[in-house]
Structure formats: structure tokens, C-alpha cells
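Down below is the structure, laid out as C-alpha cells.
Protein chains: 2
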Amino acid sequence: MTTTISKRTLERLSLYRRLLSDRLGKESPFIFSHQLAKLVQVTSSQVRRDIMVTGCFGNPTRGYRVEDLIEAIGKIVDAEEPQNVVLVGIGKLGSALMNHFHGRRPNLRIKAAFDSSPERINRIYQGVRCYGMQDLAQVIRDESAYAAILTVPGDVAQQVANQLVMAGIRGILNFAPVPLHLPGNVYVEVIDLTTSLEKVTFFARQSAGAQVS
Amino acid sequence: MTTTISKRTLERLSLYRRLLSDRLGKESPFIFSHQLAKLVQVTSSQVRRDIMVTGCFGNPTRGYRVEDLIEAIGKIVDAEEPQNVVLVGIGKLGSALMNHFHGRRPNLRIKAAFDSSPERINRIYQGVRCYGMQDLAQVIRDESAYAAILTVPGDVAQQVANQLVMAGIRGILNFAPVPLHLPGNVYVEVIDLTTSLEKVTFFARQSAGAQVS
DNA sequence: TCTTAATCGTGAACATTGTAACGATGTGAA
DNA sequence: TTCACATCGTTACAATGTTCACGATTAAGA
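Structure below.
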């Protein structure tokens, strides 16, 4: 509770849990720090440090109990109750994400979608209804949603983000290609697809060495 | 050339360029570090330091010439010639990304897609042909592609990544929900959608304060 | 029981990344 | 021409994040 958990640590914990869940039942019910380290490609020191914040204790001869780790990480990462999420902008990317997240984490539920395009409104995507933008505040309050996925075009992203915050949203996963200017108490996680791809080509080029012919 | 550019710096440079390009023609042809800083939400020191690596020089009374910055960043981020990219796994997410990247950066061209599903093979997506997996190595060599976008299910991601590397790929943008184990000279940029959304809900919850009622 | 061998938990060293500070510089006004 | 002023370029500093190193711990085997 009092321990503050950094972004990086949380990322790794989330990943640890996912890999541990995959492994559960397949291998030994225990795992050593160096084994988990190999799976996620970090050092074993890093793993042990991260596990420290979960309050989980390992055993020097058996390692950590996988089930305990999963549960302890869950206590940090998950809320007590399932978290309701909304998605704004159900174009190709938006509906692909709707599809992607559907049923992936039991505690994260996309409860509503929003779009401005009339032909999308009132349609059902993965069992989730798409509303018009005018219903945004009402639906978000009704669903007690605190987090949103933003997949609208860049030129309207800021304005939509403002509406979300007004409606009570406190965390945004932003796929729009512009930085959002929002109050400091709103957490924004940016997924910048263009920059990511540019990074890949840049470092690929570096490691590929001199261009051939 | 000899200067080594960190991941973080490259991310910011990519973003600077994008915002500067948007601004070009609309505002003054010059910009101060603090103005750019406000746009991307970093400190002006950070901006000036990042610009240092571009070799671009500003003027204490006018600031930086926007065009010069865009060009200088391009010399770092872009290759001399357009970079060919391939996409593997043209499901919903894959085709949404195909759509997203289509024509977005002139220097990054998706030249081929691959999938194992017969009904997708030989179809055209955004003017780009989808090939079967057996053609992967040949097409990648023919197109001189060094970077790939990976949007296949987690259970085949590693195997597909191995094939990509064998075919000459040196950078992968990985959307599959598993870490890839590849040689050190292959750059992997991970977009972990689940972890990202978990982060958002975690920090949203923290800043939302105590749960209401 | 005692030894051995591997791993854990954690303080301290180290590396990386971001911020602040400050002399240098260029322009407009007196 | 000289002064005032805002910003740049760069170095020094601070904060954050990662790795090292080592005593503590556990269980298996002699």
C-alpha cells in the first residue's frame, strides 16, 4: 500500500503474471528467479527486486511458488472488483482492439464503445454496444468506468479526451498520434504506432550494418 | 554518425518531427525550445539536449528554424532510401495496422503481408498482397525488407519470428503477447496491449483516490 | 549431525536518464 | 555603440532504475 510502484516495475509484474499463468500446471509449481528472468529476458536480480514489492517470499531451495506469485501480483495489479473500460472511436483499429481485449483479462471489461459516425452507433461489437458521443458522460457514469481506450483521429483526440475527463475518466490508453494535454491527475499511456515503427527501422538499420550493394 | 542515440531520445525526435510537420506553415517558421517543450510535454532543457544530437543550431532570439529541425531529424530517423517493411499475421489487428500505416510515413512502406490462413492468401490489403508463409523468405529478400510487424497469435510468434530473422529481418515490432527470444543483433520493439491497459487501470485507480460508495 | 550447494533478500555500487544552472550569443532599443 | 533581455548550448547535478555482491536460508546427502 504505502510502497510506491514504478511504471517499469508494474509493466514487468504484469508480464510476469501472464507468463506464470501460461506456465501454471505445465511445469513445476515452483520457479526460480533465474528461470523467470530467462522467460522475460531480464536479470534474476531484477526479478527478485520486483517480487520484493509484492511481499511474496521465496524459498532458497525451491524458489517461488507460482500460484503465490500470480495471486500476489494480482493483488497489486488488479482492483478488488472488475474494472470497467470504455473505448472511443470504433474504426478499424478500435474494433480490432475491442476484439483483442475481449475476454483476455477477466478483470478488465470493455463495457461500452463510442463513435461519432451514425452507421456505427447502436451496432454491437463483441457484445458491446456503440453509443453516440452525446451519451458519453451518461454511460461512463452509469458504468462507473475510470479508464478509456482512445482510438480516434488525431484532430479530435484532444477534444474527446477533454470530454472523457469531464465524465470522470482517470486513465487513458491513447492510440491517437498526438500528445494529450490533460490535468496531472489523469494518467495517459501512449501507444505511438508511428514512432514505434520508426524506432524499429532505425535500430534494425543500425544492427544490419552497412547497406548491401 | 559516431554519436549514439538512445531509445528515448529517438522517440522524442520522432515525435518532435511529427508535431513540427503539423505546425509547418500554420505558425511562425521558427520555434523556441519552450514552445516545442509545451507541445510534447517535456522540459525545454530536454528539447535543447535532444536537438543537440541532430546537429541543428538555434538562434537565441528567433529559436530554431522549423524546416531545419524537420530535415535534421529526418537525417537521423530516416534511411537514405525508403525502408521496406513486411507484416505477418493479417487478422483484425494486422489489417487495422496495415490501414493505419498506409501512406502515413512516406519513407516506411509495407510491401508485403503474410498469413497462414488460405482465405487470406493472395488477397490484397491496402494495395499490398498477402502471401503464404512458405513464400516469406523469398519475398523478404526480394523486397530487401529489414523490418517486420508481427501480429500473429502468441503460440506461433516465436516460430514466426525465427523465420523472419532467418530471412534477414533485423527489427521487429511485436504485438504478440509473448517475449521473443532472438539473437542480440535483432531489435525488438514490444507493444504489449494487455500490460498497457493494465497500467492504465492501475494508475487511474491510484489517482481516482478512494472508491466511491 | 554436519557439510555442501544453490538460491533468496537486500544494501550498496553503478548506469542511465532527465533537470537545472549558467556563460555565450544574437537582436532590438536607447 | 552599448545595454538589456531572452534564449541557446553545454556542463554539472539529481533522480531514477538496474545490477552486483554477500550474508542468510533451506534442504539434500554423507
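Quick mapping for you: the protein sequence lines, in order, are chains A and B.
Counting with the numbering used here, you get residues 96 to 308 for the letters of the first sequence.
Counting with the numbering used here, you get residues 96 to 308 for the letters of the second sequence.
All C-beta atoms in this analysis are idealised placements derived from N, C-alpha and C, irrespective of residue type, glycine included.
1. Provide the residue span of the beta strand (DSSP E) that contains R224 of chain A, from first to last.
2. Verify whether the separation of the beta carbon atoms of T246 of chain B and L182 of chain B is less than 8 angstroms.
3. Does the separation of the CB atoms of R215 of chain A and I185 of chain A fall below 8 angstroms?
4. Could you give the C-beta distance for T104 of chain B and D145 of chain B, rounded to a whole number, given that I count them as a contact under 8 angstroms?
5. Can you look up Y159 of chain A in the DSSP assignment and give me helix, strand or coil?
6. For M111 of chain A, report the span of its alpha helix (DSSP H) as first-last.
7. Starting from G279 of chain B, follow the alpha helix (DSSP H) in both directions and report where the run begins and ends.
8. So who's on the other strand from Y220 of chain A, going by DSSP bridges?
9. Hey, out of A:S101, A:S109, A:R300, A:T296, whose CA is closest to L203 of chain B's CA?
10. Give me the chain B residues within the contact set of N194 of chain A, using Cβ-Cβ distance strictly less than 7 angstroms, ordered along the chain.
11. Return the first residue and the last residue of the alpha helix (DSSP H) that V180 of chain B is part of.
12. Helix, strand or coil for R204 of chain A, going by three-state DSSP, please let me know.
13. Let me see if you follow: with CB-CB separation under 8 angstroms, is Y241 of chain A close to chain B or not?
14. Do you know offhand how far Q301 of chain B's Cα is from V172 of chain A's?
15. Alpha carbon to alpha carbon, how far is R265 of chain A from N257 of chain A? Give it in angstroms, no decimals.
16. Could you check the C-alpha separation between A271 of chain B and K102 of chain A for me, to the nearest Å?
17. Please report the straight-line C-alpha distance between P278 of chain A and R107 of chain A, rounded to a whole angstrom.
18. Comparing the CB of I244 of chain B with every heavy atom of the ligand MG, is any distance shorter than 7 angstroms?
19. Below 7 angstroms CB to CB, which residues in the same chain sit around T207 of chain A once its five sequence neighbours on both sides are set aside?
20. In whole angstroms, what is the alpha-carbon distance linking L114 of chain B and F196 of chain A?
21. Near I126 of chain A, what residues of its chain come up, given a Cβ to Cβ distance below 6 angstroms and the 5 sequence neighbours on each side ignored?
22. Does F297 of chain B come within less than 8 angstroms of chain A when only Cβ atoms are used?
23. Do you know whose CA, among B:N154, B:E122, B:I205, lies nearest E293 of chain A's CA?
24. Which of the three DSSP states, helix, strand or coil, is assigned to G263 of chain A?
25. For chain A, find out if any of its Cβ atoms is closer than 8 angstroms to the Cβ of T290 of chain B; answer yes or no.
26. Just verifying my parser: in three-state terms, what is the DSSP assignment at E284 of chain A?
27. Got a sec: is the Cβ-Cβ distance from T104 of chain B to anything in chain A below 8 angstroms?
28. Does any CB atom of chain A fall closer than 8 angstroms to the CB of L110 of chain B?
29. Counting only Cβ pairs nearer than 9 angstroms, list the residues of chain B close to I165 of chain A.
Taking the coordinates as given:
1. On the first sequence, residue 224 of chain A is found 129 positions in, with the first residue counted as 1. Note, R224 of chain A: beta strand (DSSP E), 223 to 227.
2. Indexing the second sequence from 1 puts residue 246 of chain B at position 151. Indexing the second sequence from 1 puts residue 182 of chain B at position 87. In contact: T246 of chain B and L182 of chain B (Cβ atoms closer than 8 angstroms).
3. Taking the first residue of the first sequence as 1, we reach residue 215 of chain A at position 120. Taking the first residue of the first sequence as 1, we reach residue 185 of chain A at position 90. A contact, by the Cβ cut-off of 8 angstroms.
4. Counted from its first residue, the second sequence places residue 104 of chain B at position 9. Counted from its first residue, the second sequence places residue 145 of chain B at position 50. Correct: roughly 6 angstroms between the Cβ atoms.
5. Within the first sequence, the letter at position 64 stands for residue 159 of chain A. Three-state DSSP puts Y159 of chain A in a strand.
6. Sequence index remark: in the first sequence, residue 111 of chain A carries index 16 (1-based). Reading off the sequence shown, one finds Tyr at residue 111 of chain A, where the question assumed Met. Taken as a continuous stretch (DSSP letters only), the alpha helix (DSSP H) holding Y111 of chain A covers 102 to 118.
7. Working through the second sequence from its first residue, we reach residue 279 of chain B at position 184. That residue, G279 of chain B, is in no alpha helix (DSSP H); it is neither H nor E in DSSP.
8. To locate residue 220 of chain A, count along the first sequence from 1; it is residue 125. Y220 of chain A is bridged to A:V223.
9. Locating residue 203 of chain B in the second sequence gives position 108, counting from the first residue. Nearest C-alpha to L203 of chain B: A:T296.
10. Within the first sequence, residue 194 of chain A is the residue found at index 99, counting from 1. Under the 7 angstroms cutoff, chain B gives K187.
11. Against the second sequence, residue 180 of chain B aligns to sequence position 85. Run containing V180 of chain B: none in the alpha helix (DSSP H); it sits in the beta strand (DSSP E), 178 to 183.
12. Here residue 204 of chain A refers to the residue found at position 109 of the first sequence. Strand at R204 of chain A.
13. Working through the first sequence from its first residue, we reach residue 241 of chain A at position 146. For Y241 of chain A, the answer is yes, since a Cβ of chain B falls inside 8 angstroms of its Cβ.
14. The residue you call residue 301 of chain B lines up with position 206 of the second sequence. The residue you call residue 172 of chain A lines up with position 77 of the first sequence. Answer to the nearest angstrom: the Cα atoms are 11 angstroms apart.
15. Working through the first sequence from its first residue, we reach residue 257 of chain A at position 162. Working through the first sequence from its first residue, we reach residue 265 of chain A at position 170. Cα to Cα, N257 of chain A sits roughly 11 angstroms from R265 of chain A.
16. Within the second sequence, numbered from 1, the residue matching residue 271 of chain B stands at position 176. Within the first sequence, numbered from 1, the residue matching residue 102 of chain A stands at position 7. One C-alpha to the other measures close to 21 angstroms.
17. By 1-based counting over the first sequence, the position of residue 278 of chain A is 183. By 1-based counting over the first sequence, the position of residue 107 of chain A is 12. Rounded to the nearest angstrom, the two C-alpha atoms are 27 angstroms apart.
18. With respect to the ligand MG, the structure shown offers nothing to examine, as it has no ligands at all.
19. Here residue 207 of chain A refers to the residue found at position 112 of the first sequence. Rather than Thr, the amino acid found at residue 207 of chain A in this sequence is Ala. The beta carbon of A207 of chain A lies closer than 7 angstroms to those of V181, V223, R224, Y226, V234, E238 in the same chain, with the five residues before and after it left out.
20. For this step, residue 114 of chain B is matched to residue 19 along the second sequence. For this step, residue 196 of chain A is matched to residue 101 along the first sequence. In this structure, the straight-line span from the alpha carbon of L114 of chain B to that of F196 of chain A is close to 30 angstroms.
21. Here residue 126 of chain A refers to the residue found at position 31 of the first sequence. For I126 of chain A, where only same-chain residues beyond five positions count, the Cβ hits under 6 angstroms are G158, Y159, V161.
22. Taking the first residue of the second sequence as 1, we reach residue 297 of chain B at position 202. Answer yes: the Cβ-Cβ gap between F297 of chain B and chain A drops below 8 angstroms somewhere.
23. Numbered from 1 along the first sequence, position 198 holds the residue referred to as residue 293 of chain A. Answer by Cα proximity: B:I205.
24. Residue numbering aside, residue 263 of chain A sits at position 168 when the first sequence is read from its first letter. In this structure, G263 of chain A counts as coil in the three-state DSSP scheme.
25. Here residue 290 of chain B refers to the residue found at position 195 when the second sequence is read from its first residue. True, the Cβ-Cβ gap to chain A drops below 8 angstroms.
26. Residue mapping note: residue 284 of chain A aligns to position 189 of the first sequence, counting from 1. Correct three-state label for E284 of chain A: strand.
27. Within the second sequence, numbered from 1, the residue matching residue 104 of chain B stands at position 9. With 8 angstroms as the cut-off, T104 of chain B does not count as an interface residue toward chain A.
28. Stepping through the second sequence from its first residue, residue 110 of chain B is reached at position 15. So yes, L110 of chain B belongs to the interface.
29. Residue 165 of chain A sits at position 70 when you count from the first residue of the first sequence. Simply none; closest approach about 14 angstroms.
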